[in-house]
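**Q**
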Amino acid sequence: MSLKHKFRPIKLDPQRVARAEAEGARVSAEDAVPAPSQPPAVKAEGAPIIATPPADTPAAPPGDAGLGTSQTAGPRWEEGRVYEVPHERIRPNPVNPRVFYTAEAIVKMAESLRAEGQTTAATGYVEDDHVVLIEGQTRQRASQQLGWPTLRVEIRPKPESIRTLYETARAANDARTNPSNLDEALRWKELLEQGVYPSQRSLAAALRIHEADVSRVLSLARMPQSILQALAEVPALLAARTLASIRAYWETCGDDRTLELVAQARSRGLGFREIDSLRKAAEKGPSRRPHASRLRISFGGGKGELKTFEDGRIQLLLEGLTAEEAKELQLRLQNVLEA
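Numbering (my numbering), first residue to last: 45 to 383.
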């Protein structure tokens, strides 16, 4: 059998690769201990934790990948190793797929870290004298909330471009918890405006999703930041169908009423059907009786009023007329109308 037939090329799925890398960054459960104010050095599987290189570690010459200077070349930084990195030497991912971080999510992560320690290292790359996170910002915020001075970060090669950085981080997030449609709406809008992706079609192709889904998600970014932030705080409203209903409601009712709707949906647990019903009622407008002007009149022994409605109707009502007076009024009205 020839080598050509014996070895077949394998096409790798980026999401499966990200899941495998996430497992590789996991700290051994048997060695993990709850971290005190100074997290202990915990040996990871294939990635031993070592002290952070000093801030003056020499850097390599600047690169041209669109991400600033290149990976530092000092001997103390090694790709594949996990370092305890002080928070002041950590920078956020400039194209982090996750835009919104709720207080609830940070508290939940902090409780997990307090109970189990940081069992999974964040990932990042070295730039100048600091580390830029690829993913792991929830863990960092929770670690800071606990008062821990450092975050465990596994050093990875520097991505070749902003686009590669985004797609790598998104795949890593997908392997754990997908970014919400709100996160993706704002980030995709930014990446398209910056020309990282030349079109919605190219973005859809790169992320392996339908172009119609890209368009639907981007439509959420038309809502103002105040509404998006309010929605981000209510996980029950982040389903795609519910967000589409809220966007349609906003287009009909505007900012203030939509913020009121979000508060109402949060307290009452409204679903997309109830929100659609509220929007349809708002589109019809409030039902009201036509306005009428009134004129008091008298004829003979009778008294009443003449009503003129704004929809074009006229109504005459007189009471107390004798039969002769009623007949005379009828003849007069006929003469006027026939004239």
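Don't be surprised by glycine CBs; every beta carbon is placed ideally from N, CA and C.
Predicted, not measured: the structure shown is a model, and the values here were computed from it.
Around the C-beta of residue 371, are 16 or more other C-beta atoms found within 10 angstroms, so that it is buried, or is it exposed?
**A** Within the sequence shown, numbered from 1, the residue matching residue 371 stands at position 327. Exposed, by the Cβ-count rule.
**Q** Return yes when the Cβ of residue 284 is within less than 7 Å of the Cβ of residue 233, no when it is not.
**A** The residue labelled residue 233 in the question sits at position 189 within the sequence shown. The residue labelled residue 284 in the question sits at position 240 within the sequence shown. The answer is no: Cβ separation not under 7 Å.
**Q** For residue 344 versus residue 360, is the C-beta spacing smaller than 7 Å?
**A** If you number the sequence shown from 1, residue 344 lands on position 300. If you number the sequence shown from 1, residue 360 lands on position 316. No, the pair does not count as a contact, with Cβ atoms beyond the cut-off.
**Q** Taking residue 286 as part of the alpha helix (DSSP H), name the residues at either end of that continuous run.
**A** Within the sequence shown, residue 286 is the residue found at index 242, counting from 1. It spans 284-312 - the alpha helix (DSSP H) in which residue 286 sits, taken as one unbroken run.
**Q** Tell whether a beta-carbon distance below 7 Å holds between residue 123 and residue 201.
**A** Taking the first residue of the sequence shown as 1, we reach residue 123 at position 79. Taking the first residue of the sequence shown as 1, we reach residue 201 at position 157. Their beta carbons are under 7 Å apart, which means residue 123 touches residue 201 by this criterion.
**Q** Taking 7 Å as the limit between beta carbons, can you name the residues of its chain near residue 274, skipping five residues before and five after?
**A** As a first step, residue 274 must be located in the sequence shown, where it is residue number 230. Only 303 and 306 meet the Cβ criterion.
**Q** Check the Cβ-Cβ distances between residue 249 and every residue of chain B, and say whether any is below 7 Å.
**A** Considering every chain present, this structure includes no chain B. It has just one protein chain.
**Q** On a Cα-Cα basis, can you pick out the residue from 328, 329 and 349 that is closest to residue 337?
**A** The count along the sequence shown starts at 1 and reaches residue 337 at position 293. It is 349.
**Q** Note down the Cα distance separating residue 150 from residue 120, rounded to an integer number of angstroms.
**A** What you label residue 150 is simply residue 106 of the sequence shown in a count that begins at 1. What you label residue 120 is simply residue 76 of the sequence shown in a count that begins at 1. Going from the Cα of residue 150 to the Cα of residue 120 covers about 32 Å.
**Q** State the Cα-Cα distance for the pair residue 226 and residue 268, rounded to the nearest angstrom.
**A** Indexing the sequence shown from 1 puts residue 226 at position 182. Indexing the sequence shown from 1 puts residue 268 at position 224. Straight-line Cα distance between these residues: approximately 12 Å.
**Q** Report all residues from its chain with a CB closer than 7 Å to the CB of residue 176; omit the five preceding and five following residues, and keep chain order.
**A** Walking along the sequence shown from the start, residue 176 turns up at place 132. Hits under 7 Å: 135, 137, 168 and 169.
**Q** Assuming residue 352 is part of the beta strand (DSSP E), what are its boundary residues?
**A** By 1-based counting over the sequence shown, the position of residue 352 is 308. Unbroken beta strand (DSSP E) run through residue 352: 346-353.
**Q** How close, in whole Å, do the beta carbons of residue 445 and residue 278 come, if the pair is a contact with beta carbons under 8 Å?
**A** Beyond the ends of the chain as shown, which are 45 and 383, falls residue 445; an answer cannot be given.
**Q** How would you write the range of the beta strand (DSSP E) that residue 199 sits in, first residue to last?
**A** Position 155 of the sequence shown, counted from the first residue, corresponds to residue 199. Segment 194-199, the beta strand (DSSP E) holding residue 199.
**Q** Report, in whole angstroms, the separation of the C-beta atoms of residue 196 and residue 154, which I expect to be a contact under 8 Å.
**A** For the purposes of this step, residue 196 is taken as residue 152 along the sequence shown, with counting starting at 1. For the purposes of this step, residue 154 is taken as residue 110 along the sequence shown, with counting starting at 1. Contact doesn't hold; Cβ gap of about 15 Å is too wide.
**Q** Using three-state DSSP, classify residue 337 as helix, strand or coil.
**A** Your numbering for residue 337 matches position 293 in the sequence shown. In this structure, residue 337 counts as strand in the three-state DSSP scheme.
**Q** Taking its Cβ as the centre, do 16 or more other Cβ atoms sit within 10 Å of residue 205, making it buried, or is it exposed?
**A** As a position in the sequence shown, residue 205 is number 161, starting the count at 1. Under this definition residue 205 is an exposed residue.
**Q** Pick from 329, 356, 207 and 362: whose alpha carbon is nearest that of residue 340?
**A** Your numbering for residue 340 matches position 296 in the sequence shown. Here the closest residue by C-alpha is 362.
**Q** Out of curiosity, what's the CA-to-CA distance linking residue 270 and residue 247?
**A** Position 226 of the sequence shown, counting from 1, holds the residue named residue 270. Position 203 of the sequence shown, counting from 1, holds the residue named residue 247. Between residue 270 and residue 247, the C-alpha separation is close to 26 Å.
**Q** Per the DSSP calculation, residue 168 is bridged to which residue(s)?
**A** Residue 168 sits at position 124 when you count from the first residue of the sequence shown. For residue 168, which the question treats as bridged, DSSP gives the partners 177 and 199.
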